[in-house]
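Student: Top to bottom, those sequences are chains Z and P. Position 88, counted from 1, in the first sequence is what numbering that gives the first Met the number 0 calls 87; the numbers after and before it change by one each time, with no gaps. Position 67, counted from 1, in the second sequence is what numbering that gives the first Met the number 0 calls 66; the numbers after and before it change by one each time, with no gaps. Each residue gets a CB set at the ideal place from its N, CA and C atoms; glycine is no exception.
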Amino acid sequence: MGFRSFLHRMTAPKMTKPVENRPIKLVLVINHSLGMKKGKIAAQVGHASVQTVLSAGSVIPHIVDAWLGQGQKKVCVKATDEQQMNDLFSKASQANIHTSKTIDAGHTQIPKGSYTVLAIGPWYEAEIDEITGHLSLL
Amino acid sequence: MLSVDDQLSMALLVRNDLEMTPGKVAVQCAHAAVDCSLQARKIIPQIFEMWRNTGSRKICLAALDEEDILYWKEKCNEVGLVHSLVRDAGRTEVPSETITVLGVGPAHKTSLDDLFSNLDLYGVE
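1) Give me, in chain order, the residues of the same chain whose beta-carbon lies closer than 8 Å to that of residue 23 of chain Z; leave out the 5 immediate sequence neighbours on both sides.
2) Anything in chain Z within Cβ reach of residue 33 of chain P, meaning under 7 Å, just list it in chain order.
3) Quick check on residue 37 of chain Z: does DSSP put it in helix, strand or coil?
4) I want to see whether chain Z comes within less than 8 Å of residue 26 of chain P, judged by CB atoms only; does it?
5) What three-state label does DSSP hand residue 121 of chain P in the structure shown?
6) For a test of the three-state rule: what should DSSP assign to residue 6 of chain Z, helix, strand or coil?
7) Quick one: which residues of the segment 45-73 of chain P get their C-beta closer than 9 Å to a C-beta of chain Z? List them in chain order.
8) Distance check for residue 33 of chain Z and residue 110 of chain Z, CA to CA, integer angstroms please.
9) Taking only three categories from DSSP, how would you classify residue 9 of chain P?
10) Taking only beta-carbon atoms, is residue 38 of chain Z less than 8 Å away from chain P?
11) So, does the CB of residue 81 of chain P fall closer than 8 Å to a CB anywhere in chain Z?
12) Could you spell out the range, first to last residue, of the beta strand (DSSP E) harbouring residue 120 of chain Z?
13) Kindly indicate which residue of Z:128, Z:135, Z:97 and Z:79 has the alpha-carbon position closest to the one of residue 31 of chain Z.
14) For residue 80 of chain P, which residues from the same chain have a beta carbon less than 6 Å from its beta carbon, with the 5 sequence-adjacent residues on both sides left out?
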């Protein structure tokens, strides 16, 4: 790359897709089969949220910014077991929705390597609801 | 391997006097964790990266009530710790503008332990 085109690239405005004016949310699916206590669940959901915000921030920054601006809506739902979490993960991946898995280090309460939370989003609420709408709130 | 003195952690103080479902508490804690993380990434990027690389340790502690949370927020201001107070939008369960959680850190685990030594773990009766 020549110097001029390098400069041009450095100074060009960032390409961002326009954000549609629709509600955006983050869904956190808990693995209910692990029987975690409420403090543990809260910490795991915290891990999942930070993780997904950081990773989504590098792929879909415009969505993350819009979501933060809308008040970072989050919903916590429960899955019966790891099998159901895997199904939800496949469905979200097929729909091209950002996801992030949280695996516990196993310092407290549950065995190392337990799959505790699946974060889906942040993404448009209507599209996420097609995947997680049937799950019950925690 | 890091020594215990170097370990980093984040504390999430949850109001124990509100009757929130576990899912509600989790979501409020997540708000605090995300806010603190984004602040820390700007203000103390090295601590933030180190915390991320060492398991992003988090702990949930029980605060008595709103007054208690505000007291701890003031303490964090004095000591100069990154913190974030979560006020619920009140769409569910609690009235609008209710203070629910205070997130503190990431910071050195020892300084958090010193500060919050008389608080119990959240959810342990």
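Tutor: Working from what's here:
1) 62, 65, 66, 69, 72, 120, 121, 122, 123 and 124
2) Close partners of residue 33 of chain P in chain Z (Cβ separation under 7 Å): 48, 49, 52 and 71.
3) helix
4) yes
5) Residue 121 of chain P: coil per DSSP, three-state reduction.
6) helix
7) 51, 54, 55, 56, 57, 58, 59, 60 and 61
8) Roughly 9 Å between the two C-alpha positions.
9) strand
10) Cβ-Cβ to chain P under 8 Å: yes for residue 38 of chain Z.
11) False, the Cβ-Cβ gap to chain Z never drops below 8 Å.
12) Run containing residue 120 of chain Z: 114-123, per the beta strand (DSSP E) assignment.
13) In terms of Cα proximity to residue 31 of chain Z, the closest of Z:128, Z:135, Z:97 and Z:79 is Z:79.
14) 103 and 106
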